[in-house]
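Inspection log for the structure reproduced underneath, given as structure tokens.
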Amino acid sequence: MAEKQFQLKEPWITVLAIASVIIAVLIMIYVLDRKPIGEPVIQLSFSKEDIEKIKEKETIAEEQQNKVLKLYQSFKKIDIYTGGLITPVSLIQACEDKKRVVERCNAEIAKISKVLSAEAGITDAYLYVKASVSRGGASLSNLTENDSIYFYIDDAKQFGGHLLRSRAEWSRVNTDGIELLFNLNSIPFTHLPYNDLAKPDRTPNLVGVLNQPDKHYVAGFVSTLGYGKIFELKIGYNGGRLELK
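Quick note, my numbering runs 3 ahead of the 1-based positions in the sequence shown.
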């Protein structure tokens, strides 16, 4: 009877032994194949020529940006907000994305809008913006992906939107904010949620709008749920004339 019991158990012992061997082999393969903790995973492959080409492109881009800055500096300028503009909390509450109350929002935009009179003949114009944000009482700093700068002239649907910062003609990041220059002949507007890598939704010619002999409404503000401030919002232009009413 004992011999029969031994014979019945023997196949199971063989199966368990085989399974143990397979598991041990798999464990060894996993351990040997696994990369040590902290091992770099970046693989680099470049030549001196590759670096030189990149540096040349960066130099050309920097020179072009400096030309744009000098051109703007040579233009006549009009300061939209003397002393800057802190984004009103009431504006954010009324115009917050997906919670907007149209009548209240429009009233808040009207409060910060300025009136421009224009004489035809403007050939070139740039929008200069210097802005900052802060959250939780922290120091002022550069805008994040959760912040944007809204700007419009006359008609929000056609000639307004969130400025696409990555498409600025010139930019400079400071410890307390950012400076941007946009060509008003083709100004890049985007939508929310803000994405600096997105393509512009539209690039209207606002110089053409300013050349229309009429009064114009203009405004800009930092769109943020924190503390937002525009230190400077200026239009630099050549030819014609702009005047704040």
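Quick reminder that beta carbons are idealized off the backbone N, C-alpha and C, glycines included.
All figures in this text were calculated on a predicted structure; none of them were measured in a lab.
Backbone secondary structure at SER73 - three-state DSSP: Reading the sequence as shown, one finds Lys at residue 73 and not Ser. Correct three-state label for LYS73: helix.
Under the three-state DSSP convention, the category GLY234 falls into: For the sequence presented, residue 234 should be read as Phe rather than Gly. Three-state result, PHE234: strand.
Buried versus exposed, by CB contacts within 10 Å (16 or more), THR193: buried
For ALA201, three-class secondary structure by DSSP: coil
Per DSSP, cross-strand counterpart(s) of TYR84: DSSP lists no partner for TYR84.
Cross-strand partners of GLU182 (DSSP beta bridge): LYS133 and ARG175
Which listed residue (LYS248, PRO91, ASP204 and GLU122) has its alpha carbon closest to that of CYS108: PRO91
Stretch-stretch touch, CB-based, cutoff 8 Å, three pairs: the region 152-170 with the region 45-63: Remark: fewer than three beta-carbon pairs, one from each stretch, lie closer than 8 Å, so the region 152-170 and the region 45-63 are not flagged as touching.
Nearest residue (CA-CA) to ASN177, options ILE83, ILE25, ILE21 and SER144: SER144
Supposed close pair ASN241, ASP127 - CB separation, criterion 8 Å: 5 Å
Rounded straight-line distance, which links the Cα of VAL210 to that of GLY239: 11 Å
Terminal residues of the alpha helix (DSSP H) in which LEU195 lies: Looking at the DSSP string, LEU195 is not in any alpha helix (DSSP H), and its letter there is neither H nor E.
Spatial distance of GLN8 from LEU29 (CA atoms): The pLDDT assigned to GLN8 is 49, lower than 50, so where the model puts this residue is not dependable; a value taken from the coordinates is nonetheless given after this. Taking the straight line from one Cα to the other gives about 33 Å.
Three-pair Cβ contact test at 8 Å for the region 168-186 versus the region 217-231: no
GLU148 vs TYR197 beta-carbon contact at 8 Å: yes
Member of LYS248, ALA22 and GLY229 whose CA lies at the smallest distance from the CA of ARG139: As written in the sequence, residue 139 is Gly, which differs from the Arg given in the question. The candidate whose alpha carbon is nearest that of GLY139 is GLY229.
Bounding residues of the beta strand (DSSP E) (the contiguous stretch that carries ILE152): 151-156
LEU195 versus LYS101 - alpha carbon distance: 10 Å
Span of the alpha helix (DSSP H) around ALA141: From DSSP, ALA141 is part of no alpha helix (DSSP H); its letter is neither H nor E.
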